[in-house]
Amino acid sequence: MITIAPQSPCTTPNPGNTIASVSSVCANGSVFLSMQNVVNGTGVTYQWESASDINFTQNVTSLGTGTIESVSVGVPTYYRCNVTCSNGPVTVASTPVLISILPPTQCYCTPSYTSGTVGGDYCASVEIPGTTLNNPSGPSATPFYTLYPQTGSTTCTLNAGSTYTLNCTAGTYTQNDFAAWIDYNANGILDDVAPYNEKIGEVYNIGAAAVASFVFTVPCNVTPGTFRLRIREAIRQGIRSLYRINLGETEDYNITIDPPANSKLNSTFIIQGYYDVNTSAMQPVLLNSNGVGNPSEADNVTVELHDATSLRLGTYLFRRSSNQWSNSLYIPQLSN
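Sequential numbering of the sequence shown, starting at 19, is according to our numbering.
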């Protein structure tokens with residue numbers, strides 16, 4: 019015979035820490051919450067709640083009433099459980115836990131395929147000539163998706179404002195379609211349509227081992243940082259960055275985009291009026307305003323003095339300056 023004794027009445031609860039299944043999620047991701055300690059005894063109730071601050075004074079929201087809680091997290095949020103013992107009564111809260119939100123660049127969705135590379139539909143190699151990206155990859159296994167490490171020949175550095183060629187070599191099947199994207203606005207979505215059309219190119223119906231080449235220019239206004247490059251091989255036109263496709267594969271790369279490379283600017287500017295080596299004529303000219311690159315790569319500037327009522331021979335001073343550096347150039351014996 020087994021005798022089961024009733025539980026004793028509860029005493030002051032000790033829930034301990036709030037335990038989360040993960041500490042950070044992509045926006046609107048799910049998290050399971052529990053408590054460090056089991057609270058024994060009869061007369062115990064639970065009330066989960068969330069808030070914007072650790073002291074639970076802002077945006078406090080009541081949630082479930084079980085020992086375990088499942089939540090969807092859209093913004094950084096604190097969670098805790100108020101455990102109440104009716105014998106008293108007395109309420110003790112579990113130590114709050116903060117669930118943070120991962121940056122969009124860590125939350126790209128993975129495209130899917132039904133049959134994938136089984137028919138020879140794959141990307142055999144990816145290259146951007148003039149950079150370190152040169153990856154002969156071959157067909158991938160299920161799920162027919164690969165995110166390559168940001169190192170060595172599986173990444174590269176591009177400059178905003180510069181033009182490049184992306185070469186993608188087809189696999190062994192006789193008909194191949196390719197498309198490529200760069201997430202220039204780093205919002206975690208490789209947009210296919212306006213206003214953020216980030217597809218850098220699409221090529222249809224190339225043969226086995228043929229090369230699909232995309233010539234693209236990195237926008238000048240891109241904020242320097244790390245960006246996602248996606249390449250999809252498929253047997254369909256109008257390839258989207260995420261749609262489910264029957265045959266093909268997807269390769270993702272993390273690449274770096276730096277500020278524009280310094281370039282020489284050939285320019286002519288004109289100053290009109292009276293000129294004298296002992297006076298000055300002010301004419302502001304904006305050249306290489308970002309000061310990017312080596313300042314020794316000077317701009318080529320032609321100075322023209324027009325309509326001078328009087329002009330003395332001598333040495334005139336042209337001064338170039340910026341927040342980063344300043345130089346002087348002496349122009350001897352200019353004539354009218």
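Built from N, CA and C at the ideal position, the CB exists for glycine as well.
Nearest neighbour of residue i, chosen from the options [CA to CA]
i: Thr60; options: Ala45, Ser68 and Gly106; result: Gly106
i: Tyr64; options: Ala188, Ser80, Ala198 and Ser70; result: Ser80
i: Pro129; options: Asn280, Glu267 and Gly219; result: Glu267
i: Met53; options: Cys99, Ala142 and Pro277; result: Cys99
i: Asp139; options: Ile273, Tyr163, Thr274 and Leu51; result: Tyr163
i: Asn58; options: Ile37, Gln25 and Val49; result: Gln25
i: Glu145; options: Glu269, Leu51 and Tyr261; result: Glu269
i: Thr274; options: Asp210, Ala188, Gln168 and Ala252; result: Gln168
i: Ala188; options: Ala142, Pro33, Cys125 and Ile72; result: Ala142
i: Thr109; options: Pro33, Ile20 and Ala279; result: Pro33
i: Glu87; options: Asp276, Pro242, Ala279 and Leu51; result: Leu51
i: Pro94; options: Thr85, Cys125, Val78 and Ser42; result: Ser42
Cut-off 7 Å between Cβ atoms - residues of its own chain near residue i, not counting five sequence neighbours on either side
i: Thr123; result: Ala204, Gly206, Thr244 and Arg246
i: Arg254; result: Asp195 and Ile263
i: Ile257; result: Asp195, Ala197, Glu220 and Arg250
i: Val233; result: Thr181 and Thr183
i: Cys127; result: Leu260
i: Asp210; result: Lys217, Arg258 and Ser259
i: Tyr202; result: Glu216, Pro237, Val240 and Phe245
i: Val40; result: Val49
i: Asn153; result: Ser143, Val144, Tyr166, Ser171 and Thr172
i: Gly84; result: Tyr64
Contacting residues, own chain, Cβ-Cβ under 6 Å from residue i (five flanking each side not counted)
i: Tyr166; result: Thr172 and Tyr271
i: Trp199; result: Leu208, Glu216, Lys217, Arg248 and Ser259
i: Gly82; result: Trp66
i: Phe74; result: none
i: Ala230; result: Cys186, Phe196, Val221 and Ile224
i: Ala252; result: Asp195, Ile263 and Gly266
i: Ile72; result: Tyr96 and Pro114
8 Å contact criterion, which residue i and residue j should meet: CB distance rounded
i: Tyr97; j: Val89; result: 7 Å
i: Ser70; j: Gln76; result: 4 Å
i: Cys44; j: Leu120; result: 5 Å
i: Val49; j: Ala38; result: 5 Å
Cut-off 8 Å between Cβ atoms - residues of its own chain near residue i, not counting five sequence neighbours on either side
i: Val62; result: Cys28, Pro31, Val101, Thr102, Cys103 and Ser104
i: Asn46; result: Ser90, Val91 and Gly92
i: Gln35; result: Going by the sequence as given, residue 35 is Asn instead of Gln. Closer than 8 Å at Cβ, skipping near neighbours: Met53, Gln54, Ser112, Thr113 and Val115.
i: Ile20; result: none
i: Pro161; result: Thr128, Ser130, Tyr131 and Gly134
i: Asp276; result: Thr175, Leu176, Asn177, Ala178 and Pro242
i: Cys125; result: Cys44, Ala45 and Gly206
i: Gly170; result: Thr150
i: Val78; result: Glu67, Ser68 and Ala69
Min CB distance residue i to chain C below 8 Å
i: Gly138; result: Checking the listed chains, one finds no chain C in this structure; it contains a single protein chain.
Residue i: CB within 7 Å of a non-hydrogen atom of the ligand SAM
i: Asp201; result: In the structure on display, the ligand SAM does not appear, and there are no ligands present to speak of.
Subject >> Ranges of the alpha helix (DSSP H) found wholly within the stretch 139-201, counting only runs of at least 4 >> reply: none
**OP:** Determine, using beta-carbon pairs with one atom in the stretch 142-152 and one in the stretch 174-192, whether at least three such pairs fall under 8 Å.
**Re:** The stretch 142-152, when compared against the stretch 174-192, does touch it at the 8 Å Cβ threshold.
Subject >> the stretch 131-140 touching the stretch 236-247, judged by at least three CB pairs closer than 8 Å >> reply: no
Original post:
Is it true that the stretch 215-226 meets the stretch 185-198, where meeting means three or more beta-carbon pairs spaced less than 8 Å apart?
Top reply: yes
Original post:
Quick check: the stretch 157-176 against the stretch 100-120, are there 3 or more CB pairs under 8 Å?
Top reply: no
Subject >> Those runs of the beta strand (DSSP E) which lie wholly inside the stretch 86-133 and span at least 3 residues >> reply: You should have 87-91, 95-103, 108-111 and 115-119.
**OP:** Write down every uninterrupted run of the beta strand (DSSP E) in the stretch 232-257 whose length is 3 residues or greater and which is fully enclosed by it, in chain order.
**Re:** Counting only runs of 3 or more, we get 243-252.
**OP:** Report the residue ranges of all beta strand (DSSP E) runs contained in full by the stretch 24-67; include only those spanning at least 3 residues, in chain order.
**Re:** Listed in chain order, the complete beta strand (DSSP E) runs (minimum 3 residues) inside the stretch 24-67 are 36-38 and 47-53.
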